[in-house]
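Undergrad: Questions regarding the structure given below will be posed in turn.
Numbering (the working numbering), first residue to last: 701 to 918.
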């Protein structure tokens, strides 16, 4: 049960960030069509020392959008992702948090069953639901030690499920906030990082020197 919860947590992290870079690259390549009025406005602003691109960037930036996205996700997980128009993320958020709540509820129920039966065993009763599981009239079919161990295991799994569910809830808020910031961040197509191998001949020893150069283009 613990391994499944951890796998769920890491799968949620990967799913939220897996396609973000690809979508940002697609959006950065979209160029708005400019009309003649836009061209004339751009020419007028150039004379004043202001470019049309700088004005449109300022108009497109909403400083309250990240806070709104985080607030919506805090009220209802996944709502901030919908606000950011990342509709495919909402079902992932609902599925991850819903699974965490289900695992917590299941382990909490099993913990209460084992605890109640164990308490009755300590009080000297022999009528709990685990006393005669195979209905053969003899018991106990499950020892008190086994009930105590089951109680401890389900309690541990329940607490772990609670911690992971809270972490997923917080991650849902952080993702909505960060994604809203990144959507308004202008990524230039000219920005690039590349690694190029090179071969150089030492003029004194005539021996080749091999290396790797990192090229950053702004």
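Ideal Cβ placement from N, Cα and C applies to all residues, glycine included.
Which of the three DSSP states, helix, strand or coil, is assigned to residue 754?
TA: Low local confidence applies: a pLDDT of 49 at residue 754 is under 50, so the model's placement there is unreliable, and no value is given.
Undergrad: Taking 8 Å as the threshold, find out whether the segment 814-824 comes into contact with the segment 836-849 through three or more Cβ pairs.
TA: Yes, the segment 814-824 touches the segment 836-849.
Undergrad: Can you check which of these residues, 835, 877 and 801, is closest to residue 767 by C-alpha distance?
TA: Nearest option by C-alpha distance: 877.
Undergrad: Secondary structure at residue 761, three-state DSSP: helix, strand or coil?
TA: Three-state DSSP puts residue 761 in coil, outside helix and strand.
Undergrad: In terms of residues, what are the limits of the alpha helix (DSSP H) holding residue 806?
TA: 789-822 is the extent of the alpha helix (DSSP H) around residue 806.
Undergrad: Out of 774, 782 and 764, point me to the one whose CA is closest to residue 866's CA.
TA: Closest option to residue 866, Cα to Cα, is 774.
Undergrad: Below 8 Å, can you find three or more Cβ-Cβ pairs linking the segment 778-795 to the segment 822-831?
TA: With a cut-off of 8 Å, the segment 822-831 and the segment 778-795 do not count as touching, because too few Cβ pairs lie within range.
Undergrad: Is residue 903 helix, strand or coil by DSSP?
TA: Coil at residue 903, not helix or strand.
Undergrad: State buried or exposed for residue 880, treating a residue as buried only when at least 16 other CB atoms are found within 10 Å of its CB.
TA: So residue 880 counts as buried.
Undergrad: In the DSSP assignment, find the alpha helix (DSSP H) that holds residue 858 and state where it starts and stops.
TA: Unbroken alpha helix (DSSP H) run through residue 858: 844-883.
Undergrad: Here's a check: name, in chain order, each residue in its chain whose Cβ is nearer than 6 Å to the Cβ of residue 872, leaving out the five neighbours to either side.
TA: These residues qualify, in order along the chain: 773, 777 and 793.
Undergrad: Is residue 804 closer than 8 Å to residue 861 when the C-beta atoms are compared?
TA: In this structure, residue 804 lies closer than 8 Å to residue 861 by Cβ.
Undergrad: For residue 808, which residues of its own chain have a beta-carbon under 6 Å away from its beta-carbon, when the five flanking residues on both sides are left out?
TA: Taken in chain order, the residues that qualify are 858.
Undergrad: In terms of residues, what are the limits of the alpha helix (DSSP H) holding residue 779?
TA: Here the alpha helix (DSSP H) through residue 779 covers 779-783.
Undergrad: Checking the sheet assignment: what are the DSSP bridge partners for residue 909?
TA: In DSSP, residue 909 forms a bridge with 900.
Undergrad: Assign residue 785 to one of two classes, buried (16 or more other C-beta atoms within 10 Å of its C-beta) or exposed (fewer than that).
TA: Exposed, because fewer than 16 other Cβ atoms sit within 10 Å of the Cβ of residue 785.
Undergrad: Cα separation between residue 761 and residue 800?
TA: Residue 761 and residue 800: Cα-Cα distance of roughly 36 Å.
Undergrad: Do you know offhand how far residue 840's Cα is from residue 864's?
TA: Their backbone Cα atoms lie some 36 Å apart in a straight line.
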